[in-house]
Amino acid sequence: MDNSNSTNLDPTIIVIFGVTGDLAKRKILPAIYHLLKDGLLPDKLKIIGTSRTKITLNRLITDLELCVLEQNKVCDSLVLAKFKSILELIQLNPQNPKDFPILNTKLSQIEEANKICFNRLFYLAVPPDVVEDIIKILGLSGLNRSCIHNKAKTRLLIEKPFGNDLNSAKRLISNISHFFKEDQLFRIDHYLAKEMAQNIITFRKYNPIFNQIWDSELIKSVKIKVYENIGIEKRINFYENTGALRDILQSHLLALLTLVTFDIPKNISDINSLHKSKLKLLKKVKLKDSKNIANNLIVGQYKSYRREIKNKNSFTETFVSLSLKIDNLKWNGVNFILVTGKNLKYKKTKIEITFRANKQMAENKLTFRLQPNEGIDLKLNLKKPGLDNQITKTNMDFSYKNSFPSDPGHPDAYERVLIDSLKGDLSLFPTNDEIIESWKIIQPILTSWNKSQTNKNLIIYNDQINPNLIK
Ligand code: BG6
């Protein structure tokens, strides 16, 4: 455990609602363990995990792969002991106000024992339909404030999707605003926290050759793909009510599209300018064919899905491909395709930027590989070695693995999400306005898909299929 330097982060209590859920087990707790091992968390830190059913700490820890982010996936005994000493579990129904005094008392006890007022970070790792109830109860029980009002901070970390459609998102924003101010809200889009996603702004801003050709004059199309080789795992209820459009497209894919196309403000540390520019871009994103919505869309479902969820009439999409345009001068005429699917042949997240070709030359393509094998490659037309002048396509390749061989591995996206929210840095977290704009973009699709759900419009694809074969 690295105790060499103190992090200067304020004393904090993290309350995880849904500590026995899939997300807490797969992502949040391993990220906390890893940060703890690297000495990156506040010196004074307590974690309270809440669950509806009673569970012991040892049971919880045996149930999860706590050390997945470690080399060899092995836990260090000292760090594990420390982890256990700061984590406490309480049984609580997050939709029952009568259970909240237990939490309130627990927080006060910790603060009184330490004789300080802690920052409070409520992590809502729960299904979307529970979020609003928790926020309301937190507000009504005074837990929207710390023990010294306006001194220590109280923040909410909320998982996506934020709302279920445009109207519900608007309602949610308005209801939350009765209890929490916008700067207390950290709505997570963990794709923005991936190392390669972070690098897109740097790449665009600090490489003048690309900076100057970054528009419709030279760019023909942008395709963003989030392919997964896993199915819905055990998240049956969540996925049935969500589907690929809401789960990945409305959030992760639109966020990546924005990173590629928004005007990067002069000062990227200025959070307000950053969000203002992203919002300006989102307002210009439209369906490619606004008259015939079906023309923009391919919707699919993997073959074993209905059996898995035990509903032979389900039309929930596990694959979606959407064509968009950006209605401004800079991007006029460029095709944008966002595509995502589950239970495909491989896991891959890529952004492919294809440049305009001419008659003699094949097109150049720039690809950001977000996962796996993070890096960037550029397809070039070059001469094949030999006496004649044959042109061939080759790859210029930057990969993290080769360029930073001593890098022990970059932080997991959830580590970054946690650290930024502990610091109160909102750069990576979408604002209310950005959320509303992204729902506005896909609302016509949701409405049209709701009305036209028939087996004819849904492609049933073989599990583990090559995604390029879904047409
Ligand atoms: C989550 C989605 O936001 O992202 C999941 O809810 C998906 O359905 C996951 O599996 C993928 O994240 P990653 O980081 O593994 O690509």
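In terms of the numbering used here, the sequence shown is residues 1 to 471. C-beta atoms are modelled at their ideal positions from N, C-alpha and C, and glycine is treated no differently.
Around the CB of L35, 16 or more other CB atoms lie within 10 Å, so the residue is classed as buried.
Leaving aside the five residues that flank I102 on each side, the residues in its chain whose CB is nearer than 7 Å to its CB run, in chain order, I90, L92. Distance from the C-beta of I248 to the nearest heavy atom of the ligand BG6 is below 7 Å. Positions of the alpha helix (DSSP H) runs, each at least 4 residues long and wholly inside the segment 259-330, are given as 271-282, 305-309 in order along the chain.
With contact defined as three or more Cβ pairs closer than 8 Å, the segment 439-457 and the segment 224-236 are not in contact.
Here E132 carries a helix assignment [DSSP, helix/strand/coil]. Taking A81 as reference, the option from L66, N72, Q71 with the minimal CA-CA separation is L66. Residue side-chain check: E240 keeps its Cβ at 7 Å or more from all non-hydrogen atoms of the ligand BG6. For T53, the CB stays at least 7 Å from every heavy atom of the ligand BG6. Checking the 7 Å criterion, the Cβ of E228 is within range of a heavy atom belonging to the ligand BG6.
Between the segment 320-328 and the segment 296-307, the count of Cβ pairs shorter than 8 Å is three or higher; the stretches touch. With a threshold of 7 Å, the Cβ atom of A413 counts as near the ligand BG6, since some heavy atom of the ligand is closer than that.
G163 is not bridged by DSSP to any residue.
Rounded to whole angstroms, the gap between the alpha carbons of L64 and N72 is 15 Å. One thing to note: K194 has its Cβ no nearer than 8 Å to the Cβ of L422. Taking the Cα of I353 as reference, the smallest distance to any Cα among D99, K181, R204 is reached at R204.
Taking 4 residues as the shortest admissible run, the segment 45-116 contains the following complete alpha helix (DSSP H) segments, listed from N- to C-terminal end: 57-63, 77-86, 100-114.
Ranking I224, K286, L281 by CA distance to the CA of F368 puts I224 first. When distances are taken from the beta-carbon of Q390 to the heavy atoms of the ligand BG6, even the shortest one reaches 7 Å or more. Judged by pairs of C-beta atoms under 8 Å, the segment 254-270 does not touch the segment 411-418, as fewer than three such pairs exist. Take the alpha-carbon of Q464 and the one of K347: they are about 10 Å apart. With a cut-off of 7 Å, the C-beta of T349 is classified as near the ligand BG6, since at least one heavy atom of the ligand falls inside that distance. Between the alpha carbons of F355 and E363 lies a distance of about 6 Å. For E437, the enclosing alpha helix (DSSP H) starts and ends at 432-451. Contact between K283 and K325 fails: their C-beta atoms lie close to 13 Å from each other, not under 8 Å. The DSSP-derived three-state label of L23 is helix.
When rounded, the separation of the alpha-carbon atoms in F118 and L107 is 9 Å. Taking C-alpha positions only, Y239 is separated from P127 by approximately 10 Å. Of all C-beta pairs linking the segment 154-165 to the segment 181-194, three or more are shorter than 8 Å, placing the two stretches in contact.
Note that the C-beta distance between K393 and N402 is not below 8 Å.
The distance from the Cβ of Y206 to that of A197 is about 16 Å, inconsistent with a contact at the 8 Å cut-off. For the options Y227, S221, R307, K170, the alpha carbon positioned closest to that of I236 is the one of R307.
Within 7 Å of the C-beta of Q371 there is at least one heavy atom belonging to the ligand BG6. Between D412 and L23, the C-beta gap is not smaller than 8 Å, which leaves the two residues out of contact.
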